[in-house]
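Visitor: Residues in the sequence shown are numbered consecutively from 1, following full-length UniProt numbering. Glycine residues also receive a C-beta, built at the ideal position from the N, C-alpha and C atoms. Predicted, not measured: the structure shown is a model, and the values here were computed from it.
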Amino acid sequence: MPQVKIQSSSGPVLINYTISTPTSEDAQYIDPTLPTVILLHPVFIAHIVFHHQFANPNLRRFNLIGLDARCHGETVGPVPSTFRRTDAADDLFKFMEALRLPPCHLFGMSLGACIGLQTAISYPDKVLSLFMLSPLPLVEPEIVAAGRQEIFDCWVQAHQNPNEPDQEALLDSVFGALQLGFNRAQSDFINALVQYTLPQGYRNWSPEHFEELHTVTVKFSLDRQPHPLPILQRIKCPVHVVHCSEDIAYPLPFAEEIRDRFTEAGLDVRLSQVSGAPQFGCVTHPEEINSLLHDWVMDLADEQVPAARSSVKSPFEADLIKAGYLAHETSDSDDDLVPL
1 MPQVKIQSSS GPVLINYTIS TPTSEDAQYI DPTLPTVILL HPVFIAHIVF
51 HHQFANPNLR RFNLIGLDAR CHGETVGPVP STFRRTDAAD DLFKFMEALR
101 LPPCHLFGMS LGACIGLQTA ISYPDKVLSL FMLSPLPLVE PEIVAAGRQE
151 IFDCWVQAHQ NPNEPDQEAL LDSVFGALQL GFNRAQSDFI NALVQYTLPQ
201 GYRNWSPEHF EELHTVTVKF SLDRQPHPLP ILQRIKCPVH VVHCSEDIAY
251 PLPFAEEIRD RFTEAGLDVR LSQVSGAPQF GCVTHPEEIN SLLHDWVMDL
301 ADEQVPAARS SVKSPFEADL IKAGYLAHET SDSDDDLVPL
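1. Can you give me the C-alpha to C-alpha distance between Phe62 and Pro35, rounded to a whole angstrom?
2. What runs of the alpha helix (DSSP H), each 4 residues or longer, lie entirely inside the stretch 149-201?
3. For Pro80, which residues of its own chain have a beta-carbon under 6 Å away from its beta-carbon, when the five flanking residues on both sides are left out?
4. Restricting to Cα atoms, I'd like to know which of Phe54, Val49, Ile115 is closest to Ser24.
5. Going straight from the alpha carbon of Asn191 to that of Gly324, what length do you get?
6. What three-state label does DSSP hand Lys313 in the structure shown?
7. Suppose you measure from the CA of Gly112 to the CA of Ile65; what does that come to, to the nearest Å?
8. Going by DSSP, what residue range makes up the beta strand (DSSP E) through Cys244?
9. In this structure, does DSSP put Phe83 in helix, strand or coil?
10. Nearest to residue 350 by CA position, among Phe210, Ala318, Ser272, Ser314, is which residue?
11. If I measure Cβ to Cβ from Ile38 and keep anything under 6 Å in the same chain, skipping five residues before and after, which residues do I get?
12. When you compare each of Ile15, Phe131, Arg84 to residue 341 by their alpha carbons, which one comes out closest?
13. When you compare each of His52, Asp31, Pro32, Thr33 to His41 by their alpha carbons, which one comes out closest?
14. Pull the bridge partners of Leu39 from the DSSP assignment, please.
15. Anyone know if the C-beta pair for Val76 and Gln149 falls short of 8 Å?
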């Protein structure tokens, strides 16, 4: 997959990214005649988490772009201890500038929704719409903050002895992350994501990078305050907040609070809910979320969008199969999610 070097407020970074168009799963350029959607991943798992979106013929009517944030996936670059949402938004803006992208629709999940929101505030002319799936609440609940810290602490404990990792602590860290994102459910796709992500984690989150890991997984989420209304009023685009009903960290009232805050700021905002989905719902409930995203973009698109192709290929399929994913099976349905 391609990479592009940028220089932002957080320093240099080599960003790993993917462009898919209706006719190519691994394109060099977007089709300028079509809407472009940038997908912003959550904490821990890089943009491979959007496999089901890149594999969907309806969404592939558009240009889809995914990228790995700092300290994730195959992106390479330092993470200052002061790295927060404004810095992440600056990374995204510089990435868009480097690729000479037009204004785009932003789809962000969890932490990615936070980055998308800040981008719409800091660079409103670059954002056509904002789709926030399982967004972080206005203020992080103390119990969730403690859980994020525990995931980090277990990871650090697991790597105290580089010659003999503490397997119990490692499993506690991984299971904690799975509980946050998936309610500790599993499927062959979730298992493949874990198997794909762990080797990247051993590199990106090794002892010399513990402080960077703490910055992006703990401090980034905790060191936030609700945006003042005049700041929110900088946003020029419509916003769709989507809550996943089984999000154990952020129940529906948190999403309703976001909607009400945006409404108070005078924004064009919609709130939807996906029944049965955990926080990382685009993994477990792609049909519902893909449909919401497709209809959202189509309702806003000025471009003439061609009909969906009968089938498309995900750029991540080969890597996921190597990690144990049964790509053409139906084992990712709700009925197959079982406790770890």
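Guide: Once the coordinates are examined:
1. Position 62 of the sequence shown, counting from 1, holds the residue named residue 62. Position 35 of the sequence shown, counting from 1, holds the residue named residue 35. Between the C-alpha atoms of Phe62 and Pro35 there is a straight-line separation of about 5 Å.
2. For secondary structure counted as the alpha helix (DSSP H) over 4 or more consecutive residues, the stretch 149-201 holds these complete runs in sequence order: 167-182.
3. Taking the sequence shown and counting its residues from 1, one reaches residue 80 at position 80. When the five nearest sequence neighbours on each side are left out, the beta carbons in the same chain lying within less than 6 Å of the beta carbon of Pro80 are those of Ser10, in order along the chain.
4. Taking the sequence shown and counting its residues from 1, the one referred to as residue 24 is at position 24. Comparing C-alpha distances from Ser24 to each of Phe54, Val49, Ile115 shows the shortest one belongs to Phe54.
5. On the sequence shown, residue 191 is found 191 positions in, with the first residue counted as 1. On the sequence shown, residue 324 is found 324 positions in, with the first residue counted as 1. If I take the Cα positions, the gap works out to 7 Å.
6. If you number the sequence shown from 1, residue 313 lands on position 313. Looking at Lys313 - three-state DSSP - the assignment turns out to be coil, as it is neither helix nor strand.
7. As a position in the sequence shown, residue 112 is number 112, starting the count at 1. As a position in the sequence shown, residue 65 is number 65, starting the count at 1. Taking the straight line joining both Cα atoms gives about 13 Å.
8. As a first step, residue 244 is located in the sequence shown; it is residue number 244 there, counting from the start. Looking at the DSSP string, the run of the beta strand (DSSP E) that includes Cys244 is 239-244.
9. For the purposes of this step, residue 83 is identified with residue 83 of the sequence shown, where counting begins at 1. If DSSP states are grouped into helix, strand and coil, Phe83 belongs with coil.
10. Residue 350 falls outside the range modelled here, since the chain spans only 1 to 340, and no answer is possible.
11. Reading the sequence shown from its first residue, position 38 is the one you call residue 38. Excluding positions up to five away in sequence, the list reads Ile65, Cys104, Leu106.
12. Residue 341 is absent from the model: the chain starts at 1 and stops at 340.
13. What you label residue 41 is simply residue 41 of the sequence shown in a count that begins at 1. For the options His52, Asp31, Pro32, Thr33, the alpha carbon positioned closest to that of His41 is the one of His52.
14. Looking up residue 39 in the sequence shown gives position 39. Under DSSP, Leu39 takes part in a beta bridge, and its partners are Gly66, Phe107.
15. In the sequence shown, counting from the first residue as 1, residue 76 sits at position 76. In the sequence shown, counting from the first residue as 1, residue 149 sits at position 149. Between Val76 and Gln149, the C-beta gap is not smaller than 8 Å, which leaves the two residues out of contact.
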